[in-house]
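In this text, residue positions in the sequence shown follow my numbering: the first is 15, and each later residue adds one.
For each residue, glycine too, the CB sits at the ideal point set by N, CA and C.
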Amino acid sequence: MKLRTYSLKLPLAHAFTISRESMDWQTSIIVELEHDGIRGYGEVTENEFYGHPRSAILASIDRAVPLLDAYVTGDPLELFDSLLAAVDGDTFAASAIDMAAHDWQGKKLGLPTWKVWGLQWRDVPSSSYTIGIDTIPAMIAKLQEQPDWPIYKIKLGTSHDLEIVRQLRDQTNARFRVDANCAWTAKQTVENSTALRDLGVEFIEQPLPQSAPLEDKRWVYQHSSLPIIADEDCQIPTDVARCAEFYHGINVKICKCGGLTPGLNMLREARQLGLRTMVGCMVESSIGISGAAQLLPLLDYADLDGAVLLAHEPAAGVVVAAGQISEPTTAGTGARLLTDRLAEYLLP
Ligand SMILES: [Mg+2]
15 MKLRTYSLKL PLAHAFTISR ESMDWQTSII VELEHDGIRG YGEVTENEFY
65 GHPRSAILAS IDRAVPLLDA YVTGDPLELF DSLLAAVDGD TFAASAIDMA
115 AHDWQGKKLG LPTWKVWGLQ WRDVPSSSYT IGIDTIPAMI AKLQEQPDWP
165 IYKIKLGTSH DLEIVRQLRD QTNARFRVDA NCAWTAKQTV ENSTALRDLG
215 VEFIEQPLPQ SAPLEDKRWV YQHSSLPIIA DEDCQIPTDV ARCAEFYHGI
265 NVKICKCGGL TPGLNMLREA RQLGLRTMVG CMVESSIGIS GAAQLLPLLD
315 YADLDGAVLL AHEPAAGVVV AAGQISEPTT AGTGARLLTD RLAEYLLP
């Protein structure tokens, strides 16, 4: 099986700010696995915050090459442990290869990946649209630009978080979710939770830093007026059981856990533990979103607006239109690379 990588510079529709950084384009690595005239695609984006620059991801991907022929007849679900070992535990590199292998397998079998996994496409949640931190007028403008979404996820972590939500609430009756990206204290979280509940917010994502004392996380879990969803605290499969003690649900990110295989396992375990389930995304192309969308039948909440946040992209696949994601019927994940448009995005 042949492996190719494409490093892309994806332009954002708007500069995107969370509590720790701001950016106006995203570096993405597309993995293409080819065998028998079938091409499978996976994607991972560079993330300096989590210590994953492009050079390191590419070096890890190279280390997986000797394993790739096993995917010709092998099941990506069963090959995952070997893959993770081959890339020395680099979950970012593993995630792009694992996703491409699932896409290739589905295309080979002529089935959408979610069907290969035996899932049923029913009661699938709509996706939220994320509004990054900015001035309040700019956040209102972002909401007004995408007026038809049923749910908005609002990034918080400023000195005036409640005022942001109040002013956005004046604009729409849509459901809100908030993501504090580790910026709050326990006391702030519990205080904010009541005000936010009254403003029609349905949960708070990762209010406390990963380093916060466990007794603070437990106190928030017990006293919050809203469900608390783990994100930064729930990155890999072994985090799930621990999160069940301090969180009402988990947000799985494919790049952090290592791919669709561990994502599938984490979501199944979370459901068994009574946790609510969510899959989030990075700012990424329709290739990564198409992969993540295969997990929708296992989700209570979806946050798959990553490709909508791009100005334009050289990829296509599952479409997230005003939050609605229709049943993917294309074989594999449905991801396609638009090779005729690739040149303007390629990084040297
Ligand atoms: Mg988050």
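* To do: Can you have a look at residue 51 and say buried or exposed, based on whether 16 or more other CB atoms are within 10 angstroms of its CB?
  => exposed
Requested in this report: Would you mind stating whether residue 199 and residue 234 have Cβ atoms separated by less than 7 Å?
Outcome: no
Practice prompt. Tell me whether residue 245 counts as near ligand 1, meaning its Cβ is closer than 6 Å to at least one heavy atom of that ligand.
Written response: yes
task: Give me whichever residues DSSP pairs with residue 218 in a beta bridge.
output: 192 and 242
Between the alpha carbons of residue 327 and residue 158, how many angstroms are there, rounded? So the alpha carbons of these two residues sit roughly 23 Å apart.
- Which of the three DSSP states, helix, strand or coil, is assigned to residue 26? Shown here, residue 26 sits in a strand according to DSSP, grouped into three states.
Check your understanding: Under a Cβ-count criterion, where at least 16 other Cβ atoms within 10 Å of its own Cβ denotes burial, should residue 195 be classed as buried or exposed?
Key -> buried
- prompt: Does the separation of the CB atoms of residue 332 and residue 348 fall below 7 Å?
  reply: Less than 7 Å divides the Cβ of residue 332 from the Cβ of residue 348.
Among 48, 63 and 66, the one whose alpha carbon lies nearest that of residue 84:
48
- Item | Reference residue 321; option with closest CA among 308, 303, 68 and 315 | 303
Practice problem: Please list, in chain order, all residues of the same chain as residue 211 whose beta carbon is under 7 Å from its beta carbon, the five residues on each side excluded. | Solution: 239 and 240
Check your understanding: Quick one: Cα of residue 91 to Cα of residue 165, how far?
Key -> 32 Å
- Query: Are the beta-carbon atoms belonging to residue 128 and residue 143 less than 7 Å from one another?
  - Reply: No, the pair does not count as a contact, with Cβ atoms beyond the cut-off.
Residue 59 lies in the beta strand (DSSP E); which residues open and close that run?
52–59
* To do: Please confirm whether residue 44 and residue 301 have their CB atoms less than 7 Å apart.
  => yes
Review point. Do you know offhand how far residue 323's Cα is from residue 141's?
Key: Residue 323 and residue 141 have their alpha carbons spaced roughly 13 Å apart.
(request) Take residue 134 and list the residues in its own chain whose beta-carbon comes closer than 7 Å to its own, dropping the five residues that flank it on each side. (result) For residue 134, the CB contacts under 7 Å within the same chain, skipping 5 residues up- and downstream, are 311 in chain order.
Range of the contiguous alpha helix (DSSP H) that encloses residue 113
105–123
Is the beta carbon of residue 193 within less than 6 Å of some heavy atom of ligand 1? yes
Exercise for the section: Give the secondary structure of residue 64 by DSSP, where H, G and I count as helix, E and B as strand, and everything else as coil. Expected result: The three-state reading of DSSP puts residue 64 in coil, since its state is none of H, G, I, E or B.
Which of helix, strand or coil does DSSP assign to residue 329? In this structure, residue 329 counts as strand in the three-state DSSP scheme.
Thinking just about the alpha-carbon of each residue, which of 293, 307 and 264 is nearest to the one in residue 221? Of the candidates 293, 307 and 264, the residue whose Cα lies closest to the Cα of residue 221 is 264.
_To the nearest angstrom, how far is the alpha carbon of residue 336 from that of residue 167?_
13 Å
query = In three-state terms, what does DSSP make of residue 250?
reply = coil
Check your understanding: Which residues in the same chain have their Cβ closer than 7 Å to the Cβ of residue 355, if we skip the five residues on either side of it in sequence?
Key -> 328
message: Quick check on the DSSP output: what are the complete alpha helix (DSSP H) runs of length 4 or more inside the region 141–210, in order along the chain?
response: Runs of the alpha helix (DSSP H) lying entirely within the region 141–210 and spanning at least 4 residues, in chain order: 150–159 and 175–183.
Span of the beta strand (DSSP E), counted from its first residue to its last, around residue 263: 263–267
- Query: Under a three-way DSSP split, which group does residue 298 fall into?
  - Reply: coil
Since residue 16 sits in a beta bridge, which residues does DSSP pair it with?
48
Mind checking whether the beta-carbon of residue 216 lies closer than 6 Å to any heavy atom of ligand 1?
no
Give the DSSP-derived three-state secondary structure of residue 99 in the structure shown.
-> helix
> Which class does residue 213 belong to by DSSP, given the choice of helix, strand or coil?
Replying inline: coil
- Pair every Cβ in the region 63–79 with every Cβ in the region 275–282, then say whether three or more of these pairs are closer than 8 Å. no
| task | Report yes if the C-beta of residue 48 is less than 6 Å from at least one heavy atom of ligand 1; otherwise report no. | result | no
How would you call residue 368, buried or exposed, if buried means at least 16 neighbouring beta carbons within 10 angstroms?
In the structure as shown, the chain begins at 15 and stops at 362. Residue 368 is therefore absent and cannot be evaluated.
First through last residue of the alpha helix (DSSP H) which encompasses residue 234: 228–237
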